[in-house]
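Converting from the sequence shown to the numbering used here requires adding 12 to each position, the first position being numbered 1.
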Amino acid sequence: MESSTNRRYLWIFFGLLLGVMAISYIVNTMNTPQPAKPGDFDDQAGTAYVTVRDTEGNLILQTGLPVTVNDEYISAEDIHYIVIRVDGDKALARRKTQTNAQAGISSDSLPAVTLHYPNNLILRTAGKKLAIYHTHNDESYILTSGKSAEPPDGDILKVGDAMAEALRRNGFTVVHKKNNHNPHDINAYSRSRRTSVQALKDTPEAIFDIHRDSAPLSAYMTTINGVETAQVMIVIGRSNPNMNANLEFARQIKATADKIYPGLMRGIYMGRGDYNQDLYPRALLFEIGTAEGSLTIASHGARYLSDVITAVLGQD
């Protein structure tokens, strides 16, 4: 009888122990940081976009990014807007402030950079690491591939190649990760988070998620040094509690680009979600060109952007 009672107590003990372990696992899982997802408008087809106008009816932005109330946008002219209403594919924004992104940046401190003469870059880049990856691997350019998306691997990977090659030429060590995060849905950022975490183990100077937008072609076209080029828009996740560090880095990139390659930067968009930027203060998302453009002009934009990044990080 005593042996039977002891066994019963033993079973009760192990049952309680397993229960405590299960509860601890559930609590730990719930407390593990998860990426904040972007808004509901997510252009998977690569052809839809939102048109944002100011309170006077002026066009300020067209983008395939999710646009939600309280998103913010710093335009190419450094006018700071905040979105106050969204109605389907139309949004209204009011002016918040006139920023001065170039304050404190002297033209004398910037190198004379040209895409065609990369050897002019005498900067401290040797030994510095950078990481590139793509949350949306399938993104492509219609003028090149006839379609806006080509799963599993679209033209966007070649834009990453062009950017990585230019950065290596400028002295950086670059890891270009091509992990597949398809399908192109709202959970893609959860899947690419693992890639970002993996890349950050090498402690790079910065990590970049490379995309293309889906705005009209005219919204992203520019000419630099006589070359037709895709503009670049920087995207910041405003759900990141440490977004100010990422935003400061984005402002440095834009201000430097405005000095050495005027017209390259389309602006800085601050949207709902964190785009995995909570993982690192120098994590940025770049929209290089639009689906209606071509791989060629997007690659030009990526190379010019690489020179800008070199000018910023090469002076640390």
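We put the beta carbon where it would ideally sit given N, CA and C, even for glycine.
Start-to-end residues for the beta strand (DSSP E) that takes in residue i
i, result
"residue 224", "218 to 225"
"residue 136", "Element bounds for residue 136: n/a, residue is neither H nor E."
"residue 250", "Premise fails: residue 250 is in no beta strand (DSSP E) and is neither H nor E."
"residue 281", "277 to 283"
"residue 83", "No beta strand (DSSP E) contains residue 83, which DSSP labels as neither H nor E."
"residue 399", "Nothing about residue 399 can be reported from this structure: the residues present for the chain run from 13 to 328 only."
"residue 74", "71 to 75"
"residue 66", "62 to 66"
Beta-carbon separation (whole angstroms), residue i vs residue j, contact threshold 8 Å
i, j, result
"residue 216", "residue 291", "No, residue 216 and residue 291 are not in contact; Cβ-Cβ is about 12 Å, not under 8 Å."
"residue 194", "residue 258", "So it is not a contact: roughly 26 Å between Cβ atoms."
"residue 224", "residue 303", "6 Å"
"residue 151", "residue 166", "5 Å"
"residue 92", "residue 108", "4 Å"
"residue 155", "residue 305", "6 Å"
"residue 226", "residue 60", "6 Å"
Selected residue, minimal CA-CA separation from residue i, among the options
i, options, result
"residue 260", "282, 271, 139 and 243", "282"
"residue 309", "268, 168 and 295", "168"
"residue 76", "228, 147 and 83", "228"
"residue 164", "300, 279 and 192", "192"
"residue 89", "314, 72 and 100", "72"
"residue 230", "100, 242, 219 and 237", "242"
"residue 62", "69, 70 and 74", "74"
Cut-off 8 Å between Cβ atoms - residues of its own chain near residue i, not counting five sequence neighbours on either side
i, result
"residue 137", "182, 183, 184, 322, 325 and 326"
"residue 187", "141, 142, 143, 144, 211, 214 and 216"
"residue 130", "Its pLDDT being 46, under 50, residue 130 is placed unreliably in this model, and the coordinates cannot settle the point."
"residue 157", "166, 167 and 307"
"residue 200", "147, 148, 193 and 194"
Proximal residues to residue i (C-beta, below 7 Å), its chain only, five neighbours per side dropped
i, result
"residue 98", "79, 80 and 81"
"residue 264", "324"
"residue 239", "312"
"residue 174", "311, 314 and 315"
Opening and closing residue of the alpha helix (DSSP H) in which residue i lies
i, result
"residue 209", "200 to 212"
"residue 234", "Segment 233 to 236 is the beta strand (DSSP E) holding residue 234; no alpha helix (DSSP H) there."
"residue 316", "307 to 325"
Cutoff 6 Å; reference residue i; Cβ partners in own chain excluding five residues on either side
i, result
"residue 317", "244"
"residue 45", "Residue confidence is low: residue 45 scores 44 on pLDDT, short of 50, so the model does not pin down where it sits. Its coordinate-derived value is still stated next. If we look at residue 45 and ignore the five residues flanking it on each side, it has no Cβ neighbours."
"residue 294", "218 and 261"
Would you check if the stretch 233 to 252 and the stretch 207 to 215 touch, i.e. whether three or more CB-CB distances between them fall below 8 Å? No, because fewer than three Cβ pairs between the stretch 207 to 215 and the stretch 233 to 252 fall closer than 8 Å, the two stretches do not touch.
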